[in-house]
Amino acid sequence: FRRSALEAVGGFDPRFRTAGDDVDLCWRLQDQGWTLGFHPGAMVWHHRRNSVRTYWRQQLGYGRAEALLEGKWPERYNALGHTTWAGRIYGNGLTRALALRRGRIYQGLWGSAPFQSVHEPAPGWLSSLPLMPEWYLVIVGLAFLTAAGALWHPLAWSAPWLALATAIPLAQAVASVSGAKFSGSRGARLKAYALAALLHLLQPIARLRGRLKHGLSPWRARGVQRFALPRAHAVAVWTERWRAPETRLQGIEGSLHLGASIVRRGGDFDRWDLEVRGAVLGSARMLMGVEEHGQGRQMVRVRLWPRAAGAGLGAVVILAGLAAAALLDGAGTASAMLALAAVALGARIAWECGTALRALGDAVERELWLDR
Numbered sequence: 001f002r003r004s005a006l007e008a009v010g011g012f013d014p015r016f017r018t019a020g021d022d023v024d025l026c027w028r029l030q031d032q033g034w035t036l037g038f039h040p041g042a043m044v045w046h047h048r049r050n051s052v053r054t055y056w057r058q059q060l061g062y063g064r065a066e067a068l069l070e071g072k073w074p075e076r077y078n079a080l081g082h083t084t085w086a087g088r089i090y091g092n093g094l095t096r097a098l099a100l101r102r103g104r105i106y107q108g109l110w111g112s113a114p115f116q117s118v119h120e121p122a123p124g125w126l127s128s129l130p131l132m133p134e135w136y137l138v139i140v141g142l143a144f145l146t147a148a149g150a151l152w153h154p155l156a157w158s159a160p161w162l163a164l165a166t167a168i169p170l171a172q173a174v175a176s177v178s179g180a181k182f183s184g185s186r187g188a189r190l191k192a193y194a195l196a197a198l199l200h201l202l203q204p205i206a207r208l209r210g211r212l213k214h215g216l217s218p219w220r221a222r223g224v225q226r227f228a229l230p231r232a233h234a235v236a237v238w239t240e241r242w243r244a245p246e247t248r249l250q251g252i253e254g255s256l257h258l259g260a261s262i263v264r265r266g267g268d269f270d271r272w273d274l275e276v277r278g279a280v281l282g283s284a285r286m287l288m289g290v291e292e293h294g295q296g297r298q299m300v301r302v303r304l305w306p307r308a309a310g311a312g313l314g315a316v317v318i319l320a321g322l323a324a325a326a327l328l329d330g331a332g333t334a335s336a337m338l339a340l341a342a343v344a345l346g347a348r349i350a351w352e353c354g355t356a357l358r359a360l361g362d363a364v365e366r367e368l369w370l371d372r
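To convert, note that position 172 of the sequence shown is 172 in UniProt numbering; the numbers rise steadily by one, no gaps.
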């Protein structure tokens, strides 16, 4: 890095003592409109751990660094606590998503391309999900359902899904280490392959523990947690003080940022202007329209509505259906447990939608008050 660039963005952030300092610095440089270049002569000296225990501690530190980065840059992360990276890493022995399509080498006509590169399709959402640390939370949930089969036998049908969810990380670990090359005797190589596969399995567990310990969970919430009934409603304000719609939306967005809410702008084809995230299960959106009446007079109309995650609502319906089926089958204990889980999940969805809607509504009210 140029010294002038480091000084302009304030240098390294001392809160990142284990990892994440380089990511934070690069994001701040990019926010200044500067470009990060590649230098072929650059060398990175990476200190690899020499035992499973120290590797575990390193991955715990990475999970903590991810939590610190998300706390400083919440809008760069999605609801699950992950950020999109468009880069590619080439090499053997890397963690790879299970995919049907393989990468292709761009070589040009008759091998005439001066700079040949590997074109590998980005893994999709479904293939990336088992690579996330939160996949192990899915395994834990399926394990509880399978164990509940002792109270109501039909729940034991979740056992095959538990086996599949457990087998996917194992298959990924085997597929990832299959490209690695180890030297030595056959026994030494098998031991090295087994150890490498074990590290592939331990890495997301350690990261998950570090992330959860420092607040980076799927159910995390940002901003002031005040509740409003999660229902769609509209606000209309007559004003004789003309302002551009973009100015009002920027004011609402700025007010939400001051309240530490996580805000997202609608895209070119979206039928909403701003979205406030509650957590992984709920959010709130708004759409603004302005009627021009001439001589600086405007009628500002804003529609706000909650938005629950489809997966969360589906889980509530499934749990409620299972609770009803268990009750009809005479399994009262299992029915009560499933009903309680459905109510708790539904209440959580309502809370996340309600808090996001309250934050968005308060910001809209503050901004429209300027027009009165």
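Note that CB positions come from ideal geometry on N, CA and C, so glycine has one too.
Under the DSSP assignment, Ser-178 falls outside any beta strand (DSSP E); it carries neither an H nor an E label. Rounded to the nearest angstrom, the Cβ distance from Gly-354 to Phe-269 is 28 Å, too far for a contact under 8 Å.
Around Gln-298, the same chain offers Thr-239, Trp-242, Val-290, Glu-291 and Glu-292 as residues with beta carbons nearer than 7 Å, after the five sequence neighbours per side are excluded. Excluding sequence positions up to five before and after Ala-236, its CB lies within less than 6 Å of the CB of Arg-301, all in the same chain and listed in chain order. Within the DSSP bridge table, the entry for Pro-306 names Ala-284 as partners.
Scanning its chain for C-beta atoms nearer than 8 Å, with the 5 sequence neighbours on each side dropped, one finds around Val-138 the residues Ala-165, in chain order.
Counting every other CB atom within 10 Å of its CB across the protein chains shown gives Glu-246 a total below 16, marking it as exposed. Here the segment 357 to 365 lies against the segment 250 to 261, with 3 or more beta-carbon pairs under 8 Å apart.
In the pairwise beta carbon analysis, the segment 50 to 61 is classified as touching the segment 196 to 216: at least three pairs are separated by under 8 Å.
Of the candidates Ala-156, Ala-42 and Ala-356, Ala-356 places its Cα closest to the Cα of Gly-282.
As the crow flies, the alpha-carbon of Ile-349 is around 10 Å from that of Trp-219. Excluding sequence positions up to five before and after Trp-152, its CB lies within less than 6 Å of the CB of Ala-326, Ala-331 and Ala-334, all in the same chain and listed in chain order. Ranked by Cα distance from Ala-197, the first of Val-316, Ile-168, Gly-71 and Phe-1 is Ile-168. Note that the C-beta distance between Arg-64 and Thr-18 is below 8 Å. In summary, Trp-135 is buried, with 16 or more beta-carbon neighbours lying within 10 Å of its beta-carbon over all protein chains present. The beta carbon of Glu-66 is closer than 8 Å to those of Gly-20, Gly-81, Arg-207, Gly-210, Arg-211 and Leu-216 in its chain, skipping five residues each way along the sequence. The straight-line gap separating the alpha-carbon atoms of Ser-261 and Asp-273 is approximately 15 Å. Per DSSP, the unbroken alpha helix (DSSP H) holding His-257 starts and ends at 245 to 258.
The Cβ-Cβ distance between Ala-359 and Gly-294 does not fall below 8 Å.
The DSSP-derived three-state label of Val-44 is coil.
Ranked by Cα distance from Gly-141, the options Ala-320, Met-132, Ala-159 and Leu-131 are led by Ala-159. When secondary structure is reduced to three states using DSSP, Gly-63 falls in the helix class.
Per the DSSP secondary-structure output, Thr-239 pairs in a beta bridge with Gln-298. For Gly-361, the secondary structure class from DSSP, reduced to helix, strand or coil, is helix. Cβ-Cβ distances below 8 Å link Leu-36 to Cys-26, Leu-29 and Gln-30 in the same chain, with the five nearest sequence neighbours on each side left out; the list follows chain order.
The three-state secondary structure of Val-263, taken from DSSP, is strand. Less than 8 Å divides the Cβ of Trp-56 from the Cβ of Leu-202. Collapsing the DSSP output to three states places Val-9 in coil. Spatial neighbours of Glu-70 in its own chain (CB-CB distance under 7 Å, excluding positions within 5 residues in sequence) are listed in chain order as Tyr-77, Gly-81 and Leu-216.
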